[in-house]
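Please read the structure below before turning to the comments.
2 protein chains.
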Amino acid sequence: MDVTEADLPAHDSSDCKAVNAVLGRVGDKWSVLIISRLGDRTLRFNELKREVGGISQRMLTLTLRGLERDGLVTRTVFATVPPRVEYELTALGHSLREPVDALARWALEHQPEIAAANRLYDQRSQRS
Amino acid sequence: MDVTEADLPAHDSSDCKAVNAVLGRVGDKWSVLIISRLGDRTLRFNELKREVGGISQRMLTLTLRGLERDGLVTRTVFATVPPRVEYELTALGHSLREPVDALARWALEHQPEIAAANRLYDQRSQRS
DNA sequence: CAGTATCCTCACGGATACTG
DNA sequence: CAGTATCCGTGAGGATACTG
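These protein sequences, in sequence, are chains A and B. End of the first sequence sits at 128 in full-length UniProt numbering; the numbers just go up one at a time, nothing left out. End of the second sequence sits at 128 in full-length UniProt numbering; the numbers just go up one at a time, nothing left out.
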């Protein structure tokens, strides 16, 4: 979806491609938000849309399709009227939360250092 | 840089923004590649360009500036001729490798499941 | 060698409208 | 409700040329 699946300079082993695909997923803002929202409980399409907030219908659909394709989310359609579709994290999806949370913890832990580095860099490049 | 710094729907706490910024970094293909290449030893600009492979001069510069701004990489200029500029991971940069490697391990470990899910999804959506 | 400057493309993603 | 279809603007990023 968001990863160059095809012909990289050939030094890219299939392992690297798999890793890049996952890194791409994690780098995708919507995917991570959706996964975190689905961590607690299963949600319907519009519930998800409301909970995530700020996502367009289009991107919600596309992102969910991608997550479903990667086996991270299941999509269950109830043949009622009006239609009811529930999205739920798979075991694989749940297992992804651990390394992602580790990354989030790193971010929070080192946020002060990063912010400080930013300020330093910015004031230095200001007196160009 | 690659994160919506400004006005999200306001439900986005500053913590979330910090996490998103880091996730964005990790999702950036070039940043991760550069960090991993700098993990072993310091490298010069063109060494880095060669080692990474497939990156344009422009993106290498931009990515390095971003990494430097976040305090993940140091840029050392030697006033020689021809100029010599060395890039090195900071302690912060090194510490980022741990959670990133955890993610990479997850990717490798679950690659078969993901590939299987992909095949299943694709063949199902084929008989549309 | 280590960049900066410029141009140009195209695909990511938002907005809107329509449907089973 | 849960989508699909379409149009469209923006900007990320490659290619190329130039410079201290």
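Glycine included, every Cβ here is placed at the ideal spot set by N, Cα and C.
At a C-beta separation below 7 Å, B:Q111 has these neighbours in chain A: A18.
If only uninterrupted beta strand (DSSP E) runs of at least 3 residues are considered, those enclosed by the UniProt domain "HTH hxlR-type" (16-115) of chain B are 73-78 and 84-89.
Contact of B:R69 with chain A by beta-carbon distance below 8 Å involves A117, N118, Y121 and D122. Taken through DSSP and simplified to helix, strand or coil, B:S13 comes out as coil. Not one beta carbon of chain A lies nearer than 8 Å to the beta carbon of B:I34.
In terms of beta-carbon proximity, B:W30 stays away from the interface with chain A, with every pair separated by 8 Å or more.
Judged by beta-carbon spacing, A:G24 lies beyond the 8 Å limit of A:R97, meaning their Cβ atoms are not closer than that value.
Closer than 8 Å to the CB of A:D40 there is not a single CB belonging to chain B. In this structure, A:P99 and B:P99 form a Cβ contact; the two beta carbons are roughly 7 Å apart against a cut-off of 8 Å. A:D15 and B:G93 have their C-alpha atoms some 23 Å from each other.
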